[in-house]
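The block underneath contains the structure these notes are about, expressed in structure tokens.
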Amino acid sequence: AYSHILEIHKQHLSPVRTAYFQKPLLLHQGHMEWLFDSDGNRYLDFFSGIVTVSVGHCHPKVNAVAQEQMERLWHTSSIFFHPQMHEYAEKLSALLPEPLKVIFLVNSGSEANDLAMVMARAYSKKTDIISFRGAYHGCSPYTLGLSNVGSFKMELPSGMGCHSTMCPDVFRGPWGGSYCRDSPVQTIRKCSCVPGRDREEDLSGGVRNLEKDCCQAKEQYIEQFKDTLNTCVAKSIAGFFAEPIQGVNGVVQYPKGFLKEVFELVRERGGVCIADEVQTGFGRLGSHFWGFQTQDVMPDIVTMAKGIGNGFPMAAVVTTSEIAKSLANCLLHFNTFGGSPLACAIGSAVLEVIKEENMQENSQEVGTYMLLKFANLRDEFDIIGDVRGKGLMVGIEMVQDKRSRRPLPLKEVNQIHEDCKDMGLIMGRGGPFSQTFRIMPPMCVTKPEVDFAVEVFRSVLIQHME
Ligand code: PMP
Numbered sequence: 062a063y064s065h066i067l068e069i070h071k072q073h074l075s076p077v078r079t080a081y082f083q084k085p086l087l088l089h090q091g092h093m094e095w096l097f098d099s100d101g102n103r104y105l106d107f108f109s110g111i112v113t114v115s116v117g118h119c120h121p122k123v124n125a126v127a128q129e130q131m132e133r134l135w136h137t138s139s140i141f142f143h144p145q146m147h148e149y150a151e152k153l154s155a156l157l158p159e160p161l162k163v164i165f166l167v168n169s170g171s172e173a174n175d176l177a178m179v180m181a182r183a184y185s186k187k188t189d190i191i192s193f194r195g196a197y198h199g200c201s202p203y204t205l206g207l208s209n210v211g212s213f214k215m216e217l218p219s220g221m222g223c224h225s226t227m228c229p230d231v232f233r234g235p236w237g238g239s240y241c242r243d244s245p246v247q248t249i250r251k252c253s254c255v256p257g258r259d260r261e262e263d264l265s266g267g268v269r270n271l272e273k274d275c276c277q278a279k280e281q282y283i284e285q286f287k288d289t290l291n292t293c294v295a296k297s298i299a300g301f302f303a304e305p306i307q308g309v310n311g312v313v314q315y316p317k318g319f320l321k322e323v324f325e326l327v328r329e330r331g332g333v334c335i336a337d338e339v340q341t342g343f344g345r346l347g348s349h350f351w352g353f354q355t356q357d358v359m360p361d362i363v364t365m366a367k368g369i370g371n372g373f374p375m376a377a378v379v380t381t382s383e384i385a386k387s388l389a390n391c392l393l394h395f396n397t398f399g400g401s402p403l404a405c406a407i408g409s410a411v412l413e414v415i416k417e418e419n420m421q422e423n424s425q426e427v428g429t430y431m432l433l434k435f436a437n438l439r440d441e442f443d444i445i446g447d448v449r450g451k452g453l454m455v456g457i458e459m460v461q462d463k464r465s466r467r468p469l470p471l472k473e474v475n476q477i478h479e480d481c482k483d484m485g486l487i488m489g490r491g492g493p494f495s496q497t498f499r500i501m502p503p504m505c506v507t508k509p510e511v512d513f514a515v516e517v518f519r520s521v522l523i524q525h526m527e
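Going by the UniProt record's numbering, 442 is the number at position 381 of the sequence shown; the sequence numbering is gapless.
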């Protein structure tokens with residue numbers, strides 16, 4: 062049966078849908094943080110279907126609510142009202158600070174960011190948009206212009222602030238940081254909340270011992286951002302997009318205070334600031350419900366997807382009534398499925414579970430524990446260059462050795478990834494060379510499961526070094 066599946070895949074499915082592993086997994090069932098293949102083998106899911114299964118696979122409460130709603134009403138289209146939508150809008154808006162109170166319900170992260178882009182332009186009456194290098198904001202033609210990492214790097218090779226070929230009005234600001242030396246993305250990592258020598262201190266969110274480096278890198282990146290602003294056509298911009306922590310780029314954090322200064326520069330030029338919370342939202346970062354809160358910034362538009370529906374396709378854009386009105390004035394938005402009764406019922410159940418089961422607190426506690434555990438491995442293995450992140454969003458960057466800081470060759474990263482999977486641990490991958498393992502388990506994960514993951518990873522590395 063397995064070979065038949067592979068054959069069907071080859072013949073009838075998009076060649077872009079490549080399998081994540083050399084020997085692809087055929088998944089059959091899921092329960093909370095565990096996945097089961099068709100042979101009954103179990104895997105600890107430390108990637109959550111790309112950071113999407115927020116409260117656990119087939120969470121019993123979410124399933125019960127979904128089943129009950131399915132018996133009653135699935136779909137009405139967005140031209141009709143139903144109480145699930147209004148209940149959901151009330152619940153979600155209560156989790157956002159003033160004046161972010163108006164919600165647009167859509168179906169995917171790309172669609173949410175497309176809409177945010179239209180909003181920024183409708184409101185500012187400008188066209189130019191800026192995103193960071195290393196950003197990922199989606200794969201629609203519009204958002205591909207914003208995305209700029211790995212194979213999604215569709216830009217002209219002309220240095221700072223160059224145009225995106227997909228979207229000529231989009232400009233790219235400074236790089237996000239990475240540990241690898243011959244990566245085009247360098248040095249920012251020194252300034253983020255990375256466990257360095259004084260690990261305990263760093264884990265509390267401070268960067269005390271690195272403050273000097275941090276200031277230098279921040280200044281350098283601010284100057285680069287100003288250059289980018291100056292290359293924009295009209296020297297005034299429509300908007301700026303940022304992930305509070307870059308996900309696809311391999312869990313990349315900014316220097317402390319950097320995003321805040323960037324927001325100020327954008328606003329000086331008349332642009333609106335958009336926080337892409339597709340990966341960082343819904344409590345995953347532990348200390349706060351939203352990633353932008355960890356950066357001490359206040360966006361004008363927030364986009365969210367993935368974890369919002371625990372795997373059910375739904376997404377949202379939240380903004381101020383003023384910005385929402387500018388869109389209504391030109392009637393620039395419609396979709397059929399957004400905010401269906403089923404999606405909203407599921408969305409409400411997810412929010413209730415996060416609260417009732419203290420999942421944000423769990424992200425904080427287990428995430429901090431996990432960061433420390435993996436940071437210990439970094440001290441043990443020369444091929445782990447960096448361990449960083451916040452809450453249940455952790456990146457492990459693999460290098461040839463700490464001295465050269467060159468990325469570990471893809472073949473070796475692939476092998477480690479595959480061997481971990483064969484021992485029951487599923488991780489994600491990211492970064493410019495696909496050299497960073499991304500660890501983002503469902504928010505119900507426990508410390509003993511983290512111990513299991515660390516042990517698997519450690520034994521695979523020992524085997525790899527032999
Ligand atoms: N923004 C971010 C930060 C993402 O990580 C992703 C997906 N990886 C998207 C937007 C796009 O979401 P979707 O795949 O649902 O279109």
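Using N, Cα and C, we set each Cβ at its ideal position, and we do this for glycine too. Note that this is a predicted model, so its numbers are computed, not measured.
Please tell me whether, using a cut-off of 6 angstroms, the distance from the CB of residue i to the nearest non-hydrogen atom of ligand 1 is below it.
| i | result |
| --- | --- |
| Y197 | yes |
| S495 | no |
| S99 | no |
| E304 | yes |
| G370 | no |
| A366 | yes |
| S387 | no |
| S169 | yes |
| D443 | no |
| G308 | yes |
| Q356 | no |
| D175 | no |
| D337 | yes |
| residue 26 | Residue coverage of the chain in this structure runs from 62 to 527, which leaves residue 26 outside it and unanswerable. |
Using a beta-carbon distance below 7 angstroms, is residue i in contact with chain C?
| i | result |
| --- | --- |
| L161 | Of the protein chains in this structure there is only one, and it is not chain C. |
Where does residue i land, buried or exposed, given buried means 16+ other C-beta within 10 angstroms?
| i | result |
| --- | --- |
| R269 | With a pLDDT of only 28 at R269, under the threshold of 50, the placement of this residue in the model should not be trusted; the figure read from the coordinates follows. Per the 10 Å Cβ criterion, exposed. |
| V210 | buried |
| A336 | buried |
| E172 | buried |
| S244 | Interpretation of S244 is limited by its pLDDT of 37, a score under 50 that renders its predicted location unreliable; no figure is taken from the coordinates. |
| V77 | exposed |
| M459 | buried |
| L469 | buried |
| C391 | exposed |
| N423 | buried |
| A406 | buried |
| K251 | With a pLDDT of 25 at K251, under the threshold of 50, the modelled position of this residue cannot be trusted; read the value that follows with caution. So K251 ends up on the buried side. |
| T289 | buried |
| E393 | Just to set this straight, residue 393 is Leu in the shown sequence, not Glu. Exposed, since its Cβ has fewer than 16 Cβ neighbours within 10 Å. |
| G311 | buried |
| P160 | exposed |
| D175 | buried |
Since I believe residue j is in contact with residue i (beta carbons under 8 angstroms), could you give me their beta-carbon distance rounded to a whole number of angstroms?
| i | j | result |
| --- | --- | --- |
| E94 | C481 | Incorrect: roughly 15 angstroms between the Cβ atoms, too far for contact. |
| P484 | V517 | The sequence as given places Met at residue 484; Pro does not occur at that position. That pair is a contact at about 5 angstroms. |
| V313 | G195 | 6 angstroms |
| T341 | M454 | 7 angstroms |
| F353 | I190 | Between I190 and F353 the Cβ distance is about 18 angstroms, and since that is not below 8 angstroms, they are no contact. |
| S139 | T381 | Not really, about 21 angstroms apart at Cβ, beyond 8 angstroms. |
| N371 | V126 | Contact doesn't hold; Cβ gap of about 11 angstroms is too wide. |
| Q130 | L403 | 5 angstroms |
| E510 | L96 | The pair is not a contact, with the Cβ atoms about 13 angstroms apart (cut-off 8 angstroms). |
For this session: Scan the region 320 to 397 and note each continuous alpha helix (DSSP H) run of 4 residues or more that stays entirely inside, going in chain order.
Result: 352 to 355, 382 to 390
Exercise. Which residue spans inside the region 139 to 209 form an unbroken alpha helix (DSSP H) run of at least 4?
Worked result: Unbroken alpha helix (DSSP H) runs of no fewer than 4 residues, entirely contained in the region 139 to 209, are found at 144 to 155, 170 to 185, 202 to 207, following chain order.
For this session: Scan the region 426 to 509 and note each continuous beta strand (DSSP E) run of 3 residues or more that stays entirely inside, going in chain order.
Result: 445 to 451, 454 to 459, 489 to 491, 497 to 500
Exercise. How do the region 413 to 420 and the region 433 to 446 stand: do at least 3 beta-carbon pairs fall below 8 angstroms, yes or no?
Worked result: no
For this session: Mind listing, in chain order, the continuous alpha helix (DSSP H) runs of no fewer than 4 residues lying wholly within the region 76 to 127?
Result: 109 to 112
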